[in-house]
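Right, one structure below, let's go through it.
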Amino acid sequence: MALRELKVCLLGETGVGKSSIVWRFVEDSFDPNINPTIGASFMTKTVQYQNELHKFLIWDTAGQERFRALAPMYYRGSAAAIIVYDITKEESFQTLKNWVKELRQHGPPNIVVAIAGNKCDLGDAREVTEKDAKDFADSIHAIFVETSAKNAININEVFREISQRIPVAEASGAAAGKGFKLRRQPSDTRRSCC
Amino acid sequence: MRGLEDNKSDTASSDRSPTEMPNGTEVAQKPLTLLDRLRLCQSAWALGGPWDRDSIHTALWGQQPGSFLVLLDSTSQPQLLCLSVGGNREHVKDFPIQRSGAVFHLLESHLGFSDLVQLVAYYSLSRDVLPVCLFIPQRVFNLTQETDQDLSHLGPKFWLCLSSNPQQRNVTPPSTGLSMCSIQVTSANGALCVINPLYLHEHGDSWLIEKRSPQSSPSSVSRPFAARRERRLSTTRPWKGAGLRDMRGPSLDHESSTSPAACSVPPRTRPNSSPSTPVVLRRASQSSSSGSLKGRGQNRLSVDGETSSETTPVGSPVPQSPHRVSWIEDGIWLSPPPLTSLLQAPSHELDSLSISSLEEESDSAPSPIHVHSQRFTLVLADKVKNRLSAVGQAIGGLMSPQKRLNYKAQELSERKSGAFAESVKAFVDKTLKGSSCCASGSELLQEVRTALSSLREILLESPEIQLLIDSLGDISDLELDGMLELAIHKVALKPVCACLYASLQDYRDRDGFIERLKQNQHTMEGQKPEELGGAMGVGLPDAMVLEKIQQRWDSMHEAYSPSKKVQILLKVCKTIYHSMNTNSTPGAVYGADDFLPCLTWVVLHSNISTLQLDTDYMMELLDPMLLQGEGGYYLTSLYGSLFHISSFRPRLAARQLSTEAQHSLSQWHRRRTLHCNRSRRTGNRRTIRRPASREVEAESQDGAKLSDCSGEGSAAELPSLSGEETCETSKEILGLLREEDDSWDEAPGEVRWGCDRLSEEGGDPQQSAEAPETLREKPTGSPKKEKERPHSELRSRDVLWTVPEDISAGQLDKNKVTLDPDRWIDGEQKASKLATKCLYSA
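Residue numbers (the working numbering), protein chains in the order written: chain A, 211 to 404; chain B, 46 to 887.
As structure tokens, then:
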């Protein structure tokens, strides 16, 4: 079975739970045979998708404003980016929009974008409605899920969706077409803003 | 050193009277072993009776690191190993000694010993779980048998009042190897295998043999493998190994009556016999533990190819945790480390005790030990060296594949008029001579990186290397690339490393970067991690850990191989994580939000200019394939930290980097993509790439339209070529191409050029997939036409680099396909298909 390494970059304001999401994703199916990484900033997990093995190399970024300028070093070459916001913090959703903008301008052209509204277990304190976020995600053709790293809700789903949207290695059939459509979006946008 | 020294004297004596040794009849004349010596003065260091933990601690207070005493319990059984560690806070540490059955071991370790003396002797050579090796005072080595009776009343005063001059120990080296480590095997470059007999007793020796034929299906490959081995044996000097068996046989028979000293004679200096005789290494006998090791005569370690293919065991391929086997550099084994290096740099620590983890490390740094070992190596007579090397060859299977590859690469690089040797020489000469011609340090390093990649290709093409690779069995391309890379580092990078650093320093001094970095370091030094962006409540490295980190940085600086450096960087990062987790809420997960400020804090408390040079070195010279993984991540973080510091503006909002910094970042980003030429073990994959380079190159002649087409294609236009078709077509076309144009074989640079170009333009699979449309619409020159273009144009990497520059400077910026090294593999596969399709349609 073919093994593909997929670099996935985690973006989002500090404190929204980026690393918790990854931690949950990786640790849930902890396999002692696989060498653990030295820390939670960089983690890997291999999942099977159709007839391929997808090895996610997950690069966490520091969400602080002061480190923001370093982000390009982290997201370059990423196959996908997961941008995380906190559903109980409106501000983190605005930051997310900035990340989307930046990725469009400077990110890899075909990067698969996933938006994760974390802490959905804290529905009482919600500041960002699911509909608003979903609409925004649709407008940029991004994957959207509300997650809870704490209660392990929708964590695996994010990555499964990413696997689906990653263009298959062999350029054939419908999957390629699907990927293609997604890919075209960013470049169109870019052209218009020239 | 000890072993080698002894070995020398053994050689001399065995030349004179070879019959002297075998049955240990001349024991009385042999010098005392370390074990004997330790036994003689056991009362001085193993204390019972009135002594307790506190009094021992008091006695050890102020003693040099490594000083130790053992506390016995009321039944005279060892209970506690108290060790002076020389730390700031805790000077003496306790390590409980446990007894399970007949075996003594430290509580935290799984290495068992049949008595206390052996345990102590072992830990004086290898620290395992201890922070430092045990220090055996010089006096002990001056003991003679005659002093025996005087020793019984000696107390710890004798033990601890030691001469302060550690060097003296080398004047009267302690005696022959320890019988507890019964198998002592050296290879030509000095890895020493120490096997605990208790381990063998427990697990047999099947793993040892298994190790040397790592193929997944031994039966199918053992024959040619064995044949190769035979040939190798016969081409080296006839090895005198069989004498070993002659000698060892009797010693087994007289097991109970044989003293440890007689049996511990190293196997390397045995007299002559035919090389085809099976060589059997067997554990030496141990009078002290013979009772517990009944029947071990069955545990033969067969090292001969034929024998082993008959006896290929079904056992587990590697030692199963928790039992471990130590491979120890002879530098460490042969003499207890000098005082100054008791707290050694980590590269010399027996940190993991894992197989092969240490093999390379003696190369890395001119530490005291290293200098030491070199000195003694030089002193060794050629004869001895050859014998050592013959032994090494004979047990080649015990060597790691990496080591074998290194030897072979070294050999090839020294071979007169060999292609590889000449390339290496040319590279080294050029680098040593003309390193100042580049505009910047990174340009210099890029050239070096390019050269390293070419050298790797050349090495890979050598038939001897191919043969070696085949014999290694099932190794993934990725692993193989890493191994080749390390081998290249050794032959090519090692000689020029110091020179490169000097140039780097020069460049960085001139551009004032280091100056700025240091200024900002000064400004930021006092900031707490919270001020650096970290969250409250995250642990920080304390002074002791920081000290340890500094040592690691030092050894990182000393390593010449960028891959090794990154390994050490990972150790540092692991230490930082460890500190973050101590004193923090349990179960907290620390991601980059917490790690980066912490790393920045550590960097601010380190030698920042050296760190910057090391980072430059690693960033540019590391195999691009490794940039995506864990090493790449933490290297990026280190680079980011340094950048953050260098661009720190106290008054400004820290939001934006200076334009200069931004520019530099994107430069780096772009550059790294261009080196993603990946070496391949098989020729045909390389040939598949060849047409790709031409076609794309041809296309670029038409005005580099590739970037334009990115948004224009659509899924419907994509030809639906199945993988199989593609493959077949490509084979046909390749056949044609190769006939037409053999000159491609002479210009590997062009191949990469084209691929680089392709990866740059269509840095990921999707882009590449779109490209055929354009190519098909604008048919380009045939390969023959292509050939007419001057090669100089094709070869120039400068041309390559200017392309993105133009794009970024010009209007195309928004359309520019971002460079994408991490999809290189995919891009490459696409590239070959793309080319095939183009040719097909043309």
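We treat Cβ as the ideally placed atom computed from N, Cα and C, and that holds for glycine. Only a predicted model underlies this, so the values are computations on that prediction, with no experimental measurement involved.
| query | By Cβ distance, which residues of its chain are closer than 6 Å to B:Pro586, with the 5 residues on each side in sequence left out? | reply | Position 541 of the second sequence, counted from the start, is the residue given in the question as residue 586 of chain B. Only Ser624 meet the Cβ criterion.
| request: Measuring only between beta-carbons, confirm whether B:Leu641 sits less than 8 Å from chain A. | output: Here residue 641 of chain B refers to the residue found at position 596 of the second sequence. Chain A contact via Cβ: present.
| message | So B:Leu614 contacts chain A; which residues on that side make the cut at Cβ distance below 8 Å? | response | By 1-based counting over the second sequence, the position of residue 614 of chain B is 569. Per Cβ cutoff of 8 Å: no residues; B:Leu614 is ~10 Å from chain A at best.
| query | Could one say the Cβ of A:Thr224 lies closer than 8 Å to chain B's Cβ atoms, at least one of them? | reply | Your numbering for residue 224 of chain A matches position 14 in the first sequence. Yes, its Cβ sits closer than 8 Å to a Cβ of chain B.
| field | Residues in the region 247-274 of chain A having any Cβ partner in chain B nearer than 7 Å | value | Thr247, Ile248, Gly249, Ala250, Ser251, Phe252, Leu267, Trp269, Asp270, Thr271, Ala272, Gly273 and Gln274
| request: Could you run through the region 287-303 of chain A and flag, in chain order, every residue whose CB is less than 9 Å away from some CB of chain B? | output: Gly287, Ser288 and Ala289
| query | Given a threshold of 16 other Cβ atoms within 10 Å of its Cβ, counted over all protein chains shown, does B:His534 qualify as buried or as exposed? | reply | By 1-based counting over the second sequence, the position of residue 534 of chain B is 489. That one is buried.
| query | From this set, B:Ser691, B:Asp522 and B:Tyr678, which residue's C-alpha is nearest A:Ala272's C-alpha? | reply | For this step, residue 272 of chain A is matched to residue 62 along the first sequence. Of the listed residues, the one whose Cα sits closest to A:Ala272 is B:Tyr678.
| request: Starting from the N-terminal side, write out each stretch of the alpha helix (DSSP H) that is 4 residues or longer and does not extend beyond the region 504-588 of chain B. | output: 508-516, 522-533, 539-556 and 558-569
| field | Residue-level contact to chain B via CB, A:Ser229, 8 Å cutoff | value | The count along the first sequence starts at 1 and reaches residue 229 of chain A at position 19. A:Ser229 counts as touching chain B.
| request: Look at the Cβ atom of B:Ser692, then the Cβ atom of B:Leu641, and state whether they are nearer than 8 Å. | output: In the second sequence, the residue the question calls residue 692 of chain B occupies position 647. In the second sequence, the residue the question calls residue 641 of chain B occupies position 596. No, the pair does not count as a contact, with Cβ atoms beyond the cut-off.
| said: Under 8 Å, CB to CB, which of the residues in the region 624-638 of chain B have a partner in chain A? | reply: Val634, Tyr635, Gly636, Ala637 and Asp638
| query | Do the region 303-311 of chain A and the region 338-355 of chain A meet, that is, are 3 or more Cβ pairs less than 8 Å apart? | reply | yes
| message | Which residues in chain B have a C-beta closer than 7 Å to the C-beta of A:Leu280? List them in chain order. | response | Sequence index remark: in the first sequence, residue 280 of chain A carries index 70 (1-based). Here the neighbours are Gly685, Phe688 and His689.
| request: Would you please verify whether the beta carbon of B:Lys619 is less than 8 Å from any beta carbon of chain A? | output: Sequence index remark: in the second sequence, residue 619 of chain B carries index 574 (1-based). Yes, B:Lys619 lies at the interface with chain A (some Cβ there is under 8 Å from its Cβ).
| said: Could you tell me the alpha carbon to alpha carbon distance between A:Glu301 and A:Arg278, rounded to whole angstroms? | reply: Taking the first residue of the first sequence as position 1, residue 301 of chain A is located at position 91. Taking the first residue of the first sequence as position 1, residue 278 of chain A is located at position 68. Answer to the nearest angstrom: the Cα atoms are 16 Å apart.
| Do you know offhand how far B:Val148's Cα is from B:Leu156's? | As a first step, residue 148 of chain B must be located in the second sequence, where it is residue number 103. As a first step, residue 156 of chain B must be located in the second sequence, where it is residue number 111. Rounded to whole angstroms, B:Val148 to B:Leu156 spans 9 Å at the Cα level.
| Under a three-way DSSP split, which group does A:Lys228 fall into? | Counting from one through the first sequence, the residue named residue 228 of chain A turns up at place 18. Note: A:Lys228 maps to helix in three-state DSSP.
| task | Give the DSSP-derived three-state secondary structure of B:Leu179 in the structure shown. | result | Position 134 of the second sequence, counted from the start, is the residue given in the question as residue 179 of chain B. Note: B:Leu179 maps to coil in three-state DSSP.
| field | Residues of its chain near B:Lys610, where Cβ-Cβ distance is below 6 Å and the 5 sequence neighbours each way are ignored | value | For the purposes of this step, residue 610 of chain B is taken as the residue at position 565 of the second sequence. Closer than 6 Å at Cβ, skipping near neighbours: Met601, Ala604 and Met663.
| According to a CB-to-CB cut-off of less than 7 Å, which residues of the region 551-582 of chain B neighbour chain A? | Gly578
| Limits of the unbroken beta strand (DSSP E) element including A:Leu216 | As a working note, residue 216 of chain A is residue 6 in the first sequence. Ala212 to Gly222 is the extent of the beta strand (DSSP E) around A:Leu216.
| In terms of residue numbering, what span does the beta strand (DSSP E) encompassing B:Asp139 cover? | For the purposes of this step, residue 139 of chain B is taken as the residue at position 94 of the second sequence. B:Asp139 -> beta strand (DSSP E) spans Val137 to Ser145.
| task | Measuring only between beta-carbons, confirm whether A:Trp233 sits less than 8 Å from chain B. | result | Residue mapping note: residue 233 of chain A aligns to position 23 of the first sequence, counting from 1. Yes, A:Trp233 counts as interfacial toward chain B.
| query | Going along chain A in order, which residues have a C-beta closer than 7 Å to the C-beta of B:Tyr622? | reply | Taking the first residue of the second sequence as 1, we reach residue 622 of chain B at position 577. Within 7 Å Cβ-Cβ: Ile248 and Gly249.
| field | Residue environment, B:Met589, which counts as buried when at least 16 other CB atoms sit within 10 Å | value | Sequence index remark: in the second sequence, residue 589 of chain B carries index 544 (1-based). By the 10 Å Cβ count, B:Met589 comes out exposed.
| Does the Cβ-Cβ distance between B:Ile690 and B:Thr645 come in under 8 Å? | Residue 690 of chain B sits at position 645 when you count from the first residue of the second sequence. Residue 645 of chain B sits at position 600 when you count from the first residue of the second sequence. Taking 8 Å as the Cβ cut-off, B:Ile690 and B:Thr645 qualify as a contacting pair.
| said: Looking at B:Leu517: is its Cβ nearer than 8 Å to the Cβ of B:Ile510? | reply: Within the second sequence, numbered from 1, the residue matching residue 517 of chain B stands at position 472. Within the second sequence, numbered from 1, the residue matching residue 510 of chain B stands at position 465. Contact: no.
| Proximity winner among B:Thr655, B:Ala466 and B:Lys461, relative to B:Gly454 (alpha-carbon distances) | Residue numbering aside, residue 454 of chain B sits at position 409 when the second sequence is read from its first letter. Looking at the sequence itself, residue 454 of chain B is Ala, so the reference to Gly does not match. The option with the nearest alpha carbon to B:Ala454 is B:Ala466.
| field | From B:Cys544, B:Ser171 and B:Val162, residue whose alpha carbon lies closest to that of B:Ile142 | value | Taking the second sequence and counting its residues from 1, the one referred to as residue 142 of chain B is at position 97. The candidate whose alpha carbon is nearest that of B:Ile142 is B:Val162.
| query | Is B:Thr660 close to chain A, meaning its C-beta is less than 8 Å from at least one C-beta of that chain? | reply | Start at 1 with the first residue of the second sequence, and residue 660 of chain B comes out as number 615. Closer than 8 Å: no.
| Exposed or buried, which one is B:Arg555 when buried takes at least 16 other CB atoms within 10 Å? | On the second sequence, residue 555 of chain B is found 510 positions in, with the first residue counted as 1. Under this definition B:Arg555 is an exposed residue.
| query | How long is the line joining the alpha carbons of B:Lys573 and B:Ala580, rounded to whole angstroms? | reply | In the second sequence, the residue the question calls residue 573 of chain B occupies position 528. In the second sequence, the residue the question calls residue 580 of chain B occupies position 535. The straight-line gap from Cα to Cα measures roughly 10 Å.
| Any chain B beta carbon closer than 8 Å to A:Met211 | Residue mapping note: residue 211 of chain A aligns to position 1 of the first sequence, counting from 1. Taking Cβ atoms only, chain B never reaches closer than 8 Å to A:Met211, which makes this a no.
| message | Against chain B, does A:Arg276 count as a neighbour if the rule is that its beta carbon must be under 8 Å from one of theirs? | response | Here residue 276 of chain A refers to the residue found at position 66 of the first sequence. Cβ-Cβ to chain B under 8 Å: yes for A:Arg276.
| request: Mind checking who A:Phe346 pairs with in its DSSP beta bridge? | output: For the purposes of this step, residue 346 of chain A is taken as the residue at position 136 of the first sequence. Per DSSP, none; premise fails for A:Phe346.
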